Amino acid sequence: MSDEIKQIAALIGHQQAQEKRVAALIDEFQKESAQLSRQTAQLSQVIRELDSASGNMTETVKKSVNTALNQVERELKQASIEQQKPAVNALNQVVKVAQESVFEMQREMSRYTWKSAIYIGMTMIAVMGGCLWGMYYFIDSGYARIAEMQRMEAIWEKKAPLANISICDGKPCVQVTGVEYTNKKGDRFYLIESINFSKSNAESFETEWVRIRNVIVSVFDLIISFGFSNGTLVSKNALLPIVYYMYHRHLPNDFYKRSSFSEDRNIIKKWLHVALVKRVFGGTSDTILNKIRKAFTSDVISHPIGDVNLFPVESINSEIKYDVSISDEFIHDLLSTQMDDKYSFSLLSLLYPNLDYKNNDFHKDHLHPAVMYDELCEDDKNNFGWSVYNSLVNIQMLDANENMSKNKKPLSVWVDKETEGKDRCDFLRKHLIPETDLNISNFREYVSLRTELLINELKNKLI
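Reading the sequence shown from the start, the letters are residues 1059 to 1521 in this note's numbering.
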């Protein structure tokens, strides 16, 4: 390739030399032309002088002189052209050589371009081949690693079906709890101090694991249909009695949506909200769960569930002997629950049970809009403050569309608009709004009346 470049450079040098030669011939041609112009100007001057001197000649003499002069002019021009012919011929020869040099350069460049294109194409093919091979290698290696991880996970599931299996730095690992122990060889173990499973129980658990897993998934589908989220489900232990009930009753996986189980679902829903609000599982959960299990059967081994067709709320309450005589002090504490508190969802769900919780189509809403807090008089701000304004006393649960329609309207304006041509008393009862002046200026009386209304409602729901 370097020899070809040298040839091209030589051609370029030859072309530059030819261009210099052409430039020199053009300069010479211009000099000869300038000399011819000067001679022509001198001849014209001679003719004018002769014409002036021959003013008295006869016409015949004038014609003779003019003819002679014209002949002299033609001869001079012809002589000039003859003198310029060698320069013109040389110029034509230079142009011809220059054209041949250009054609030769184009041919060389064409050959060079094709060779370069071939080299570039071969390089691209090699690079693409390397990339494809690398992709195949890494994909194949990745699939092999995934298969190995799945194989190890399956082994661990057989060995420890109750373990929390996860991935640690790309490898299967198991979360365990207990006291760490190291033997004389330096091997590390964890001593599990308390375990409620015998060997036979563990084998039974392993055998039934698929069905147990399906029941757990169904229970989570159920509570999602109740409107719960990870933030509002304050105790996952509260789900274990439901799992036990659904598993031993052999309820279907679509229990959460089948219409034939709607009554059972409503019973479970109310029980779960009440259990969470009353903090049933806030203390010694193991003790509570053992008592709840007795509500299903007196013989867990031979007969794990009794003859029940609905979730046994009354039996559960009887076994746990939890305080069902809700005190006014406890209710007042519940009424101070703030809008974003983790227990507010369960409380509002008990107070407003008929909303579309299944499709998450509900909003928490300030009855007196939050933007109107600054319109409270100074006495009301001092006596109540934001803690009351943002509490259950001034909060309701609304259908999402209804809440968007309400937006930031004052409570009195919203109620008047929604009850226009409708039963106002029924609307207020449904939304747990007291029958009183609902302007922000009457906030003190509104708080007193709604507090009384909510106390009665919560007592009915929680007993």
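Here a beta-carbon is modelled for each residue, glycine too, at the ideal position from N, C-alpha and C. Note that the structure is predicted; figures quoted are calculated from it, not measured.
*Cβ-Cβ distance between Met1462 and Lys1422 below 8 Å*: Walking along the sequence shown from the start, residue 1462 turns up at place 404. Walking along the sequence shown from the start, residue 1422 turns up at place 364. Not a contact, by the Cβ cut-off of 8 Å.
*Could you name each continuous alpha helix (DSSP H) segment of 4 residues or more that falls completely within the stretch 1384–1451, going from the start of the chain to the end?*
Fully enclosed alpha helix (DSSP H) runs of no fewer than 4 residues occupy 1386–1393, 1402–1409, 1436–1441 and 1443–1447 of the stretch 1384–1451, in order along the chain.
*asked:* On the criterion of 16 or more Cβ atoms from any shown chain inside 10 Å, does Ser1252 qualify as buried, or is it exposed?
replied: Walking along the sequence shown from the start, residue 1252 turns up at place 194. In this prediction, Ser1252 has a pLDDT of 48, which is less than 50 and means its spatial position is unreliable; what the coordinates show is noted afterwards. It is exposed - the Cβ of Ser1252 has fewer than 16 other Cβ atoms within 10 Å.
*Say yes only if the C-beta of Gly1179 is nearer than 7 Å to one or more non-hydrogen atoms of the ligand MG, and no if none qualify.*
Because no ligand of any kind appears in the structure shown, any question about the ligand MG cannot be addressed here.
*Simplified DSSP assignment, three categories, for Leu1456*: Looking up residue 1456 in the sequence shown gives position 398. Per DSSP, reduced to three states, the secondary structure at Leu1456 is strand.
*For my contact list, Phe1403 and Thr1240 are in at a C-beta cut-off of 8 Å; report their separation, rounded to the angstrom.*
The residue labelled residue 1403 in the question sits at position 345 within the sequence shown. The residue labelled residue 1240 in the question sits at position 182 within the sequence shown. Going by Cβ atoms, the distance from Phe1403 to Thr1240 rounds to 47 Å, so no, they are not a contact pair.
*Evaluate the contact criterion for the stretch 1326–1333 versus the stretch 1395–1409: three or more CB pairs, one atom per stretch, below 8 Å.*
Segment contact: the stretch 1326–1333 against the stretch 1395–1409, three or more CB-CB distances shorter than 8 Å; contact assigned.
*Expected contact under 8 Å - CB spacing of Glu1325 and Phe1354 to nearest Å*: Along the sequence shown, read from residue 1 onward, the residue named residue 1325 stands at position 267. Along the sequence shown, read from residue 1 onward, the residue named residue 1354 stands at position 296. The amino acid occupying residue 1325 in the given sequence is Ile; Glu does not appear at that position. Between Ile1325 and Phe1354, the beta carbon gap of about 14 Å keeps them out of contact (Cβ cut-off 8 Å).
_Does Gly1603 pass the burial test, meaning 16 or more other C-beta atoms within 10 Å, or should it be called exposed?_
Examination of residue 1603 is not possible in this model, given that the chain is present from 1059 through 1521 alone.
_Beta-carbon within less than 6 Å of Lys1466's beta-carbon, same chain only, minus the 5 sequence neighbours each way: which residues are those?_
For this step, residue 1466 is matched to residue 408 along the sequence shown. So the qualifying residues of the chain are Pro1427 and Val1429.
*How would you call Val1473, buried or exposed, if buried means at least 16 neighbouring beta carbons within 10 angstroms?*
Looking up residue 1473 in the sequence shown gives position 415. Answer is buried; the Cβ neighbour count reaches 16.
*How close, in whole Å, do the beta carbons of Ile1346 and Val1338 come, if the pair is a contact with beta carbons under 8 Å?*
Taking the first residue of the sequence shown as position 1, residue 1346 is located at position 288. Taking the first residue of the sequence shown as position 1, residue 1338 is located at position 280. Contact holds; Cβ gap of about 6 Å.
*Exposed or buried, which one is Arg1487 when buried takes at least 16 other CB atoms within 10 Å?*
Here residue 1487 refers to the residue found at position 429 when the sequence shown is read from its first residue. Taking every protein chain shown into account, the CB of Arg1487 has fewer than 16 other CB atoms within 10 angstroms, so this residue is exposed.
_I need the straight-line Cα distance from Asn1441 to Ser1394, nearest angstrom please._
Counted from its first residue, the sequence shown places residue 1441 at position 383. Counted from its first residue, the sequence shown places residue 1394 at position 336. Going by C-alpha positions, Asn1441 is about 14 Å away from Ser1394.
_Buried or exposed by the 16-neighbour rule on C-beta atoms within 10 Å, applied to Phe1263_ = In the sequence shown, the residue the question calls residue 1263 occupies position 205. In the assembly as shown, Phe1263 is an exposed residue. Its beta-carbon has fewer than 16 other beta-carbons within 10 Å.
*With DSSP as the reference, please indicate the residues paired to Asp1357 in a beta bridge.*
Counting from 1 along the sequence shown, the entry for residue 1357 is found at position 299. Its beta-bridge partners are His1361.
*Once you ignore the five residues that flank His1306 on each side, which residues in its own chain have a CB closer than 6 Å to its CB?*
Taking the sequence shown and counting its residues from 1, the one referred to as residue 1306 is at position 248. Answer for His1306: Pro1362 and Ile1363, listed in chain order.
*asked:* Tell me which residue opens and which closes the alpha helix (DSSP H) that Val1371 is part of.
replied: Taking the sequence shown and counting its residues from 1, the one referred to as residue 1371 is at position 313. Val1371 -> alpha helix (DSSP H) spans Val1371 to Ile1378.
*Coarse secondary structure for Ser1047, derived from DSSP in three states*: There is simply no residue 1047 to check, as the chain begins at 1059 and stops at 1521 in what is shown.
*State yes or no: is the beta carbon of Pro1427 nearer than 8 Å to at least one beta carbon in chain D?*
You won't find chain D in this structure, because it holds only one protein chain.
_Spatially closest choice to Glu1321 from Asn1288, Asp1344 and Val1371, by CA coordinates_ = Translated into positions along the sequence shown, residue 1321 becomes position 263. The shortest Cα separation from Glu1321 among Asn1288, Asp1344 and Val1371 belongs to Val1371.
*Which residues in the same chain as Leu1507 place their Cβ atom closer than 6 Å to its Cβ, once the five residues preceding and following it in sequence are excluded?*
Taking the sequence shown and counting its residues from 1, the one referred to as residue 1507 is at position 449. Result list for Leu1507: Pro1492 and Thr1494, in chain order.
*What is the DSSP secondary structure of Thr1494, counted as helix, strand or coil?*
Reading the sequence shown from its first residue, position 436 is the one you call residue 1494. In the displayed model, Thr1494 falls within coil according to three-state DSSP, outside both helix and strand.
*Where Lys1216 and Ile1274 are concerned, what is the direct C-alpha to C-alpha distance, given to the nearest angstrom?*
Start at 1 with the first residue of the sequence shown, and residue 1216 comes out as number 158. Start at 1 with the first residue of the sequence shown, and residue 1274 comes out as number 216. With a pLDDT of 49 at Lys1216, under the threshold of 50, the modelled position of that residue is not reliable, and no figure is offered here.
*CB-CB under 7 Å to Tyr1504, same chain, minus the five flanking residues each way: which ones, in chain order?*
Here residue 1504 corresponds to residue number 446 of the sequence shown, with the count starting at 1. Sequence-distant partners of Tyr1504 (beyond 5 residues in either direction) whose C-beta falls short of 7 Å from its own C-beta, in its chain, are Pro1492, Thr1494 and Leu1496.
*asked:* Which same chain residues end up closer than 8 Å to Cys1483 when comparing Cβ atoms and leaving out the 5 residues on each side of it in sequence?
replied: For the purposes of this step, residue 1483 is taken as residue 425 along the sequence shown, with counting starting at 1. A distance below 8 Å between beta-carbons, with the five flanking residues on each side excluded, links Cys1483 to the following residues of its chain, in chain order: Glu1493.
_Whole-angstrom distance between Asn1311 and Asn1417, CA atom to CA atom_ = The count along the sequence shown starts at 1 and reaches residue 1417 at position 359. The count along the sequence shown starts at 1 and reaches residue 1311 at position 253. The alpha-carbon atoms of Asn1417 and Asn1311 are separated by roughly 19 Å.
*Confirm, please, whether the CB-CB distance from Asp1391 to Asp1457 is below 8 Å.*
Translated into the one-based positions of the sequence shown, residue 1457 becomes position 399. Translated into the one-based positions of the sequence shown, residue 1391 becomes position 333. Their beta carbons are not under 8 Å apart, which means Asp1457 does not touch Asp1391 by this criterion.
*Within its chain, find whatever has a CB closer than 7 Å to the CB of Val1301; leave out the 5 residues flanking it on each side and keep chain order.*
Stepping through the sequence shown from its first residue, residue 1301 is reached at position 243. Around Val1301: Val1273, Ile1274 and Val1277.
_In this structure, how does DSSP classify Val1366 when only helix, strand and coil are distinguished?_
The residue labelled residue 1366 in the question sits at position 308 within the sequence shown. DSSP places Val1366 outside both helix and strand once states are collapsed to three, so it counts as coil.
*Work out the CA separation of Trp1267 and Glu1528 for me, nearest whole Å.*
Only positions 1059 to 1521 of the chain appear in the structure, and residue 1528 is not among them; the question remains open.
*Cβ atoms of Asn1459 and His1424: under 8 Å apart, would you say?*
On the sequence shown, residue 1424 is found 366 positions in, with the first residue counted as 1. On the sequence shown, residue 1459 is found 401 positions in, with the first residue counted as 1. For His1424 and Asn1459, no; Cβs fall outside 8 Å.
_On the criterion of 16 or more Cβ atoms from any shown chain inside 10 Å, does Ile1521 qualify as buried, or is it exposed?_
The residue given as residue 1521 occupies position 463 in the sequence shown. Result: exposed.
_Rounding to the nearest angstrom, what Cα-Cα distance links Ser1449 and Arg1316 in this structure?_
Position 391 of the sequence shown, counting from 1, holds the residue named residue 1449. Position 258 of the sequence shown, counting from 1, holds the residue named residue 1316. Between Ser1449 and Arg1316, the C-alpha separation is close to 36 Å.
*Have a look at Lys1379 and Val1446 and give me their C-alpha separation to the nearest angstrom.*
The residue given as residue 1379 occupies position 321 in the sequence shown. The residue given as residue 1446 occupies position 388 in the sequence shown. As the crow flies, the alpha-carbon of Lys1379 is around 33 Å from that of Val1446.
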